[in-house]
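Protein chains in written order, with the working numbering: chain A, 1 to 234; chain B, 1001 to 1234; chain C, 2001 to 2254; chain D, 3001 to 3254; chain E, 4001 to 4241. The beta carbon of each residue, even a glycine, is placed where N, CA and C say it ideally should be.
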Amino acid sequence: MWEIIKTATPQIIAAGIRYTIPLTLLSFAGGIFLGVITALIKLVVPSGNPVKKGLIRILQGIAYFYVWLFRSTPLLVQLFIIFFGLPNLGIKLPAFTAAVITFSLNTGAYSSETIRAALLSVPSDQWDAAYSLGMTETSVLWRIIFPQAVRIALPPLSNEFIGLVKDTSLASSITIVEMFTVAQQIEAKNYEPLVMYMLVAALYAVLCSVLSLLQGWLERRTSRYAQEGDEAVD
Amino acid sequence: MWEIIKTATPQIIAAGIRYTIPLTLLSFAGGIFLGVITALIKLVVPSGNPVKKGLIRILQGIAYFYVWLFRSTPLLVQLFIIFFGLPNLGIKLPAFTAAVITFSLNTGAYSSETIRAALLSVPSDQWDAAYSLGMTETSVLWRIIFPQAVRIALPPLSNEFIGLVKDTSLASSITIVEMFTVAQQIEAKNYEPLVMYMLVAALYAVLCSVLSLLQGWLERRTSRYAQEGDEAVD
Amino acid sequence: MKRLIKLEHVNKAYRQHQALDDVSVSFDDGQTTVIVGPSGSGKSTLLRTINLLTQPDSGTLSIDDLAVDFAKPISSAQKIAMRKKTGMVFQNWNLFPNLTVRGNIMEGPTVVLKQSKTEAAAHADELLKSVDLLETADRYPNQLSGGQQQRISICRALAMQPECLLLDEPTSALDPEMETQVLRVLLELAKQKQAMVVVTHNMVFARAVAERIVFVENGRIRYDGSSDGFFNATDERIRHFLAGISLSEGSSMA
Amino acid sequence: MKRLIKLEHVNKAYRQHQALDDVSVSFDDGQTTVIVGPSGSGKSTLLRTINLLTQPDSGTLSIDDLAVDFAKPISSAQKIAMRKKTGMVFQNWNLFPNLTVRGNIMEGPTVVLKQSKTEAAAHADELLKSVDLLETADRYPNQLSGGQQQRISICRALAMQPECLLLDEPTSALDPEMETQVLRVLLELAKQKQAMVVVTHNMVFARAVAERIVFVENGRIRYDGSSDGFFNATDERIRHFLAGISLSEGSSMA
Amino acid sequence: GQKSSQNSAKLVTSKTLTIGLEGTYAPYSYREDGKLKGFEVDLGKDLAKEMGLKVKFMPTQFDSLVAGVQSNKFDMIINNMGITKARQKKFLFSTPYIYSQSVLITKSNNTKIKSVHDLKGVKMVEGTGTDNWIQAEKFGGKIVSSPEFATSMNMLRDGRAQATINSKEAFAYYVKQKSGADLKATDISTKDIPATKEGIMMNKDNTGLQKQTNKALEKLRQNGTLKKLSEKYFGTDITEK
Ligand SMILES: Nc1ncnc2c1ncn2[C@@H]1O[C@H](COP(=O)(O)OP(=O)(O)OP(=O)(O)O)[C@@H](O)[C@H]1O
Ligand SMILES: Nc1ncnc2c1ncn2[C@@H]1O[C@H](COP(=O)(O)OP(=O)(O)OP(=O)(O)O)[C@@H](O)[C@H]1O
Ligand SMILES: [Mg+2]
Ligand SMILES: [Mg+2]
């Protein structure tokens, strides 16, 4: 058994460095970007002149449809359609690109809901106070609302990040040989699925633990200002 | 193509009713239960006499380990080990039971983080006010903190619920023939993966849309009291 | 008169700052005590200590027949037992945003005192009427003005029929008319020998309700005695503190 | 004197309730106006309207050379331009919990007025000194007492050097000493011809600062005139409103 | 129970033959009209009948088949398992029931690839961990992995891969279903790739079951059932060497 682990580990790690990690990082960055944009679009109250109002309504329609579509369908199917289906429309993407796009869109749809909730959790008093200083919406968002929302959004977003690390294994269905696939290939030769699964789980655990530590650190940083001293649950 | 859809749809729906839906509902209920318990254990500040303090510390250790373990390892591996691995220790579970247990534990680990964040987002003033009335911790939690936290937790929890619906497809790896597996089996004969994938996606979408509508309704219900009228983003 | 609440040698430090500095003070049954002092002197911390919302570093507290030593851990049951004897009105009101106005007032009586819903609701409406807010009973707190929320938080505390009422700035958001109304409520309570500890910056109000005044500065008690004694004190520090009123009065209350 | 802020025929209804009922009022440059009125009469709503935080159903507002019609949508740019002319102190302080005290005060000057960090910080510290809170500069708001937060929110508004300062209950959490201090700050500003609109329940304070008094009731303006005229009014309603002070004064300010 | 297992079959559920298979590989096992069908499904039924047992199929993914037979979740796997040295170290096999031929599949208009010797550097698509993968690797192909047969065919048709080595029968069935697919198969001489012997795979210590299975299989071969099944699903008899 040790023999198996010794030979398999470097191969799986190599696949992790080559695919799992870049896929995760790129897709999460893309997903958060889409998630923030989508959350903001959903939260805007249509106002201004009729043209602007109409435009906002259309954008909101798109945002709702996008979130619905990508939350409602299996990630595997999304990957499949973007990789195998789009060529029918003449769009032929390399597997890695297709994977990054799909994972970003999927993460964006899910995280937009989390971000929306976190933004809503900041009391509207804070908007008032910042607006009263003459700050623009963008400034208010960036400087006042986001820093407070991040504290609330961090744990669920970490969930999504850590989930994404493992979802990247679905990329194997569109020919990307990531960690899990490598483990399966090795397993197909040694017929020790339990050992291989535990090994790949351990390697994922290392990756995710690093992320959990990062989450803990970020949480402490972003809640420096929160109540200290008196206990909540006693 | 219509022929394929017409014959495949009832079979996939049957699998959904037989496995996907009960699996999801049972596991989500179990997961939320575990998530709430775990979140509360994590949030308690150890106090009281040394024995109680020690006990709380041990429980917290278990909670941290549990969340770490189930967030850090792939769900597929968890399923695999609980179904195929535990028999080595003499614990032999039927596939459905193993699936419910695994999905519950997994959902519990993820949702505990979401719930923890939501509970933290309720200002400590609210604890003060409720405590000052002489309410017990349990009453404060149930009657004051939870109703306010639910508003914040709903969108990320819905994400987890909707994610779970689709994750149940992994149960196929432990001999449960859920919607996705049925689709793949039919596809094995007609060689139309794209059509079959789109079909199964559409059926998932119907299921998830119902859940999204439910989320929307719950959100409106739980935020009846929140600021109405003045816009946040203008 | 019976000692109802007794604090002895209470200390509370926040990192750099000594918020309560060896405070020993007691409050009597049936008496109205007003606590005054500069902003940041520790008045709210003192009230929170009595309510066991803040745990000081050392000292003891007894309320009625119950006592705790702050140097030791305090059990939840003990906290609840002691909290039931007092009712708190917060400086920031702290209404429950998820409950209606009536729900806010009924919460304690139904959950803690196990009153029936109808009984609690009837009592809540009575209290609401006494502060002129019956028509807001079904609204949520964020649909109310500051002064309205303030009054409702007083009702919420009163609904618990506590042995001692602790009020932190109960009139700060109230107009003179309302102030008078709240004053009347408190004076009526005083007449019924309801013990009260009131933190206020409003010296006119203080004079009107106080049977006794406690002056806090820098976490220490500087004066503890009769209301008249305080307002006519020769002590330099108190005179300076009170100078504010005279200045305002002098400068334009011609 | 120049009309700085002018509201005309402003209406605002919350479902059941008419918070502002055909309000027309204007505020002059260099003048200190105090708005008084019963709790829930619409004072905060009026200030929020001037600051474009609440959009009334109808009416117009002009500040200096800018004007808006509330019946129509208002662009963000227009809102910002108008908000820059006023500075707001909220009834509930609304400090930014994620910024330190100094950060709260510097936020507007650096982000909106594009001042340099050092310049803004220096000015912030100056303001903090004027309200005796320089030592709290690096703390976060939730580590401060109510009165301390109140004063910092005044500093935050002043840091923007607005043409008109809007203050909602600026002294409600302040002790007499601090009240005097804030009063001095406001009087000093008044001397420099800083326009101010102050909502207050504190009639002593109102008398001290007001050049003009606006009395609001049920969303309507009932009195708009000189301070002396108000306090010596023969109008039944005003006399009744003011009775609060006399009662308190009469009953125990012997 | 080393001794008793020498003779009598151990079953997961008594009186029932529990069979693991993928269920996603036509014409071996697939679903039609809501029922599992295919050569291996019929074979399983006939075997059970022969052994006097009820039958229960457990469709599962490939990895889980191996784990399932190891942890005694199924009695046997009938799923195209080639009898190889490596597998025989860990499992018991029945006598072969199929001799499967491999073919080289390319686009119809591909003239460059005529035999396995033209595969050096060619982009090939193969199922993860399959025997075909190992073959393709041996001849120098650059391999992308695919989760299932239909995906492999799709990749060829999309031009995302140039060739694949796969089962002759599976391809024959595919072409029958999808006549429009412009793919062709080249027979690979048995010298390059010998026909694989497919056997029923069982847990290492279930020798009793192995014996009974072999006996039943021999009976089915004798009475022509095996041949009939092969002709039904593959059009020819591939059950003999
Ligand atoms: N969001 C809302 N929904 C419904 N009613 C509201 C809302 N906001 C304010 N009101 C009502 O409008 C009226 C005016 O409120 P406003 O806050 O302007 O009063 P105010 O004069 O500032 O009172 P106070 O002195 O108590 O602060 C009140 O009766 C209040 O209940
Ligand atoms: N969580 C905290 N961390 C650090 N310092 C604190 C904290 N809470 C209170 N303080 C400090 O303790 C001191 C006492 O605060 P407290 O709230 O008791 O004052 P107060 O007398 O009620 O003042 P005010 O009249 O302004 O409400 C203040 O200087 C305050 O800054
Ligand atoms: Mg205080
Ligand atoms: Mg107000």
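- Per DSSP, the unbroken beta strand (DSSP E) holding Thr-4196/E starts and ends at 4196–4203.
- For Gly-3146/D, the Cβ falls inside the 6 Å cut-off from some heavy atom of ligand 3.
- Contact check between the segment 92–108 of chain A and the segment 19–37 of chain A: three or more CB pairs, one atom from each, fall below 8 Å, which counts as touching.
- Here the alpha carbon of Gln-2031/C sits roughly 15 Å from the alpha carbon of Leu-2183/C.
- Contact check between the segment 2095–2114 of chain C and the segment 2153–2160 of chain C: three or more CB pairs, one atom from each, fall below 8 Å, which counts as touching.
- Contact annotation: in the segment 1101–1117 of chain B, no residue has its CB less than 9 Å from a CB in chain C.
- Not one beta carbon of chain B lies nearer than 7 Å to the beta carbon of Lys-2117/C.
- Look at Leu-2053/C: its C-beta is not under 7 Å from any C-beta on chain D.
- By the neighbour-count criterion, in which 16 or more other beta carbons inside 10 Å mark a residue as buried, Trp-127/A falls on the buried side.
- Proximity of the segment 131–148 of chain A to the segment 3066–3081 of chain D meets the contact definition, three or more beta-carbon pairs being nearer than 8 Å.
- No residue range can be given for Arg-18/A, since it is assigned to no beta strand (DSSP E) and is classified by DSSP as neither H nor E.
- The beta carbon of Lys-3193/D sits closer than 7 Å to those of Gly-3030, all from its chain and outside the five residues before and after it, given in chain order.
- Pro-2162/C is positioned such that its CB atom lies no closer than 7 Å to that of Thr-2049/C.
- Taking a C-beta cut-off of 7 Å against chain C, the contacting residues of the segment 1048–1061 of chain B are Gly-1048, Asn-1049, listed in chain order.
- Under the 7 Å criterion on CB atoms, Ala-1188/B is classed as interfacial with respect to chain E.
- In the displayed model, Gln-2018/C falls within a strand according to three-state DSSP.
- Around the beta-carbon of Ile-1091/B, fewer than 16 other beta-carbon atoms lie within 10 Å, marking it exposed.
- Ranked by how close their Cα comes to the Cα of Ser-158/A, the residues Thr-136/A, Leu-207/A, Val-195/A have Leu-207/A in first place.
- The alpha-carbon separation between Ala-3122/D and Gln-3148/D amounts to approximately 20 Å.
- Of the candidates Thr-3171/D, Asn-3011/D, Thr-3033/D, Thr-3033/D places its Cα closest to the Cα of Asp-3224/D.
- By the rule that beta-carbons nearer than 7 Å mark a contact, Ile-1152/B touches chain A.
- Within the DSSP bridge table, the entry for Cys-3164/D names Thr-3086/D, Ala-3195/D as partners.
- A heavy atom of ligand 1 is found nearer than 6 Å to the CB of Ser-3044/D.
- Distance from the CA of Thr-3136/D to the CA of Ala-3120/D, rounded to the nearest whole angstrom, comes to 17 Å.
- Counting the other Cβ atoms within 10 Å of the Cβ of Ile-17/A gives fewer than 16, which makes it exposed.
- The beta carbon of Leu-154/A sits closer than 7 Å to the beta carbons of Gln-215, Leu-218, Glu-219, Thr-222 from its chain, once the five residues preceding and following it are set aside; these are given in chain order.
- Within the segment 3084–3117 of chain D, Lys-3084, Met-3088, Phe-3090, Asn-3092, Asn-3094, Phe-3096, Pro-3097, Asn-3098, Glu-3107, Gly-3108, Val-3111, Val-3112 place their CB atoms closer than 7 Å to a CB of chain A, listed in sequence order.
- At a cut-off of 7 Å between beta carbons, Gln-215/A makes no contact with chain D.
- Per DSSP, the beta bridge partners of Ile-3035/D are Val-3199/D, Val-3214/D.
- It is roughly 21 Å from the alpha-carbon of Trp-2/A to the alpha-carbon of Lys-4085/E.
- By the rule that beta-carbons nearer than 7 Å mark a contact, Gly-4034/E touches chain B.
- Following the DSSP letters along the chain, one finds Ile-4143/E in no alpha helix (DSSP H) but inside the beta strand (DSSP E) bounded by residues 4142–4146.
- Contact with chain A is found for Val-4144/E, since one of that chain's Cβ atoms lies less than 7 Å from the residue's Cβ.
- Within the DSSP bridge table, the entry for Asn-2051/C names no partner.
- Residues of the same chain with a CB within less than 8 Å of the CB of Pro-3170/D, apart from the 5 flanking positions on each side, are Val-3089, Gln-3150, Ile-3154, Val-3182, Leu-3186, Val-3198, Thr-3200 in chain order.
- The segment 4049–4126 of chain E is shown to contain whole alpha helix (DSSP H) runs of 4 or more residues at 4062–4070, 4085–4090, in chain order.
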